[in-house]
Amino acid sequence: MKKVIIIGGGLTGLSAAHYLNKQTSQEAVDWQLYEADNHFGGKFNTVHRDGFIIEKGPDSFLARKPAGLALVDELGLTDQLITNATGKSYIYHDSALHPIPEGSVMGIPTDIRSLLESDLLTQDGKIRALEELMLDANVTEADQSIGAFFEHRFGKEMVVRLIEPLLAGIYAGNIYEMSLRATFPQFEQVAKEHRSLMYGLKSHRPETVNTTGTAKTIGAFRTLAGGLSTLTDALVDSLPVERLHTRTKVKAIENTTVVLENGERIVADAIIIAATHDVVLSLLDVPAVKPLAEQPMTSLATISLAFDSEAVPTIPEGTGFLVARTGDYNITACTWVHEKWPHMVPEGKILLRGFLGKAGQVGLLDQTDEEMANKVQADLKEMIGLEGEPLFYEVSRMKEAMPQYTVGHQERLAIVEKELKHTHPTIFLAGMSYRGVGIPDCIQAGKTAANEACQLMEQVMP
1 MKKVIIIGGG LTGLSAAHYL NKQTSQEAVD WQLYEADNHF GGKFNTVHRD GFIIEKGPDS
61 FLARKPAGLA LVDELGLTDQ LITNATGKSY IYHDSALHPI PEGSVMGIPT DIRSLLESDL
121 LTQDGKIRAL EELMLDANVT EADQSIGAFF EHRFGKEMVV RLIEPLLAGI YAGNIYEMSL
181 RATFPQFEQV AKEHRSLMYG LKSHRPETVN TTGTAKTIGA FRTLAGGLST LTDALVDSLP
241 VERLHTRTKV KAIENTTVVL ENGERIVADA IIIAATHDVV LSLLDVPAVK PLAEQPMTSL
301 ATISLAFDSE AVPTIPEGTG FLVARTGDYN ITACTWVHEK WPHMVPEGKI LLRGFLGKAG
361 QVGLLDQTDE EMANKVQADL KEMIGLEGEP LFYEVSRMKE AMPQYTVGHQ ERLAIVEKEL
421 KHTHPTIFLA GMSYRGVGIP DCIQAGKTAA NEACQLMEQV MP
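Sequential numbering from 1 applies to the sequence shown in the UniProt record's numbering.
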């Protein structure tokens, strides 16, 4: 019997277990999953409180990436899917909420009229942005940062006020350090094929690209009626309980041997490390993974505040807003949960979810829950006229939760995987640190690792 060890019981590890369980028989393959924490699910954490459904981790996933909907269907949860009720978002700049121009794709305008009508940019900023229609493709042999690429095309003002809040919001990163090819390769491809991004995205938009933060974004996201922990709970329930282990930390990997903290040593035919790269570095003391040490991590926090509806003056229809870094604010974004996901909030109540955490920020998680909640409330008082005290708040702390794909990420990853395949062919890396941070990306990473482990075992099976 072949032995497969999965390290990490978050979404990626559970997905790897799910697809291993589907593809192999219990008689042929003995897979075991080890999670150091006392629960499975990783960052997924849905809280039910006083009629509210509160997500302390991710709140939704993109429907256009097939891995998410496919897994939901396989688990029999399709009838529980909910689509976002509104798609329009705003940028907070210069003491006002500015709608993201219609037709924008991650802040890139495709509708010239909407751009010209927007009050987010100055007249000079709009003229500079429209010069993009006449620029060169700006595609280089070497990787480049997102910030450098877009500033060349649209100018500094548009990057700071529109593009940066959207792109940095996804990765909580510095766009002048983030890799274009590892995060948004489709933009480089559009520029290469059509020279102008504005023209290419309007006339020949790839299927992998949708408008962002506009009315057309309605229905682009999915969640589950009872919250996203339903997904990870269903994964756990679908798997053999005797193969799932919590409170079991892996201490090291020595060639093909997994060493548990309790001293147990397990020789494995395949090892899937379904965790961020910092875990890989702690388990494998080999030259092959050293390039991963260059990849930074960002800590995040979310504060969900519940109010009676009277506490907030009338706000425009939409999902919430992102904050341009043109002012001294603590929050980077705010979701109006009662607007985006009405089923999660009782009638007559509102739920606001503020986000904290920026690249390079230190000491964020050293603050008390009360201190973080007070900072979010102070910002929201100025930004949307928030009044009164919350009925309650829920704070989520995610230490070093978001891997940063810095310039050269794909090249470093290729080196790591090539060296690992040569020196440690039984080890497979999966998780947020490599090819995507979204829910469908993590599911696909787990599935790919499971497939690769199965292929390896087929090659060596007698």
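Glycine included, each C-beta is placed from N, C-alpha and C at the ideal position.
Please read all numbers here as calculations on a predicted model, not as lab measurements.
- Here residue 171 is not bridged, per DSSP, to any residue.
- By the neighbour-count criterion, in which 16 or more other beta carbons inside 10 Å mark a residue as buried, residue 53 falls on the buried side.
- The Cβ atoms of residue 245 and residue 403 do not sit closer than 8 Å to each other.
- Residue burial annotation: residue 76 is exposed, with fewer than 16 other C-beta atoms found within 10 angstroms of its C-beta.
- The DSSP assignment places complete alpha helix (DSSP H) segments of no fewer than 4 residues inside the region 267 to 298 at 277 to 283, in order along the chain.
- Under the Cβ criterion (8 Å, minimum of three pairs), the region 351 to 366 counts as touching the region 284 to 304.
- DSSP places residue 158 in the helix class (H, G or I) of the three-state scheme.
- Inclusion of residue 311 and residue 360 in the CB contact set at 8 Å is not warranted, their separation being larger than that value.
- Restricted to the region 54 to 100, the beta strand (DSSP E) segments that are unbroken, complete and at least 3 residues in length are 81 to 83, 89 to 93 and 96 to 99, listed in chain order.
- Of the residues assessed, residue 288 falls on the buried side of the cut-off, its CB having 16 or more other CB atoms within 10 angstroms.
- Around the C-beta of residue 237, fewer than 16 other C-beta atoms lie within 10 Å, and the residue is accordingly described as exposed.
- Contact annotation: the region 162 to 179 touches the region 100 to 108, with at least three C-beta pairs closer than 8 Å.
- Taking the Cα positions, residue 132 is about 9 Å away from residue 155.
- When the five nearest sequence neighbours on each side are left out, the beta carbons in the same chain lying within less than 7 Å of the beta carbon of residue 21 are those of 239, in order along the chain.
- Under DSSP, residue 245 takes part in a beta bridge, and its partners are 34.
- Checking the DSSP bridge columns, you'll see residue 304 partnered with 353 and 394.
- Residue burial is scored here from C-beta neighbours: residue 271 has at least 16 other C-beta atoms within 10 angstroms and is therefore classed as buried.
- As the crow flies, the alpha-carbon of residue 347 is around 45 Å from that of residue 23.
- Between the C-alpha atoms of residue 440 and residue 231 there is a straight-line separation of about 12 Å.
- For residue 340, the enclosing alpha helix (DSSP H) stretches over residues 337 to 340.
- When the beta-carbon positions are compared, residue 91 and residue 321 come within less than 8 Å of each other.
- One alpha carbon belongs to residue 419, the other to residue 430, and they sit about 16 Å apart.
- When Cβ pairs closer than 8 Å are counted between the two stretches, the region 32 to 49 is seen to touch the region 8 to 16, the count reaching three or more.
- A residue is called buried when at least 16 other Cβ atoms come within 10 angstroms of its Cβ; residue 103 meets this threshold and is buried.
- Residue 82 is positioned such that its CB atom lies closer than 8 Å to that of residue 223.
- Beyond the five residues adjoining it in sequence on each side, residue 136 comes within less than 8 Å, by CB distance, of 195 in the same chain, given in chain order.
- Looking only at 121, 265, 180 and 328, the smallest Cα-Cα distance to residue 141 is reached by 180.
- Residue 427 sits in a strand when the DSSP states are folded into three classes.
- Every beta strand (DSSP E) stretch that sits fully inside the region 356 to 411 and reaches 3 residues is listed by chain position as 392 to 403.
- With a cut-off of 8 Å on Cβ pairs, the region 142 to 152 is not in contact with the region 111 to 123, counting fewer than three such pairs.
- The beta carbons of residue 385 and residue 313 sit about 5 Å from each other, so the pair counts as a contact at 8 Å.
- Under the three-state reduction of DSSP, residue 39 is assigned to coil, being neither helix nor strand.
- Ranking 421, 444 and 201 by CA distance to the CA of residue 15 puts 444 first.
- Excluding the 5 residues flanking it on each side, residue 410 has same chain C-beta neighbours closer than 6 Å at 181 and 182, in chain order.
- The alpha-carbon separation between residue 189 and residue 149 amounts to approximately 12 Å.
- About 5 Å separates the Cβ atoms of residue 351 and residue 306, confirming a contact at the 8 Å cut-off.
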